[in-house]
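Residue numbers (this note's numbering): 1161 to 1241.
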């Protein structure tokens, strides 16, 4: 393993975050278009982003429960999803 100064590591991590965000946005957009094509109407095309947002909030809740009451309660709540 080679040594790299902190600035180089920070740039690599930042660029990976940018590319990861772009890939996530492209995946959500592609999924929305695919769902719209499968359903054949625009009425439910936004369901993917709604579920994605809901799961993000759910993960936040599970994380807070884990911090407050311990791992057992967090895992139990996570499996209920």
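Just so it is clear, CB atoms sit at the ideal spot from N, CA and C, and this is done for glycine as well.
query: From 1178, 1210, 1219, 1203, residue whose alpha carbon lies closest to that of residue 1239; result: 1219
query: Burial state of residue 1235 (16 or more Cβ within 10 Å); result: exposed
query: C-beta contact flag for residue 1210 and residue 1196 at 8 Å; result: no
query: Boundaries (first-last residue) of the alpha helix (DSSP H) holding residue 1202; result: Taken as a continuous stretch (DSSP letters only), residue 1202 belongs to no alpha helix (DSSP H), as it is neither H nor E.
query: Whole-angstrom distance between residue 1223 and residue 1168, CA atom to CA atom; result: 31 Å
query: CA-to-CA distance, residue 1201 to residue 1193, given in whole angstroms; result: 11 Å
query: For residue 1233 and residue 1225, believed in contact at Cβ under 8 Å, the rounded distance; result: 5 Å
query: Counted within 10 angstroms of its Cβ, other Cβ atoms place residue 1184 as buried (16 or more) or exposed; result: exposed
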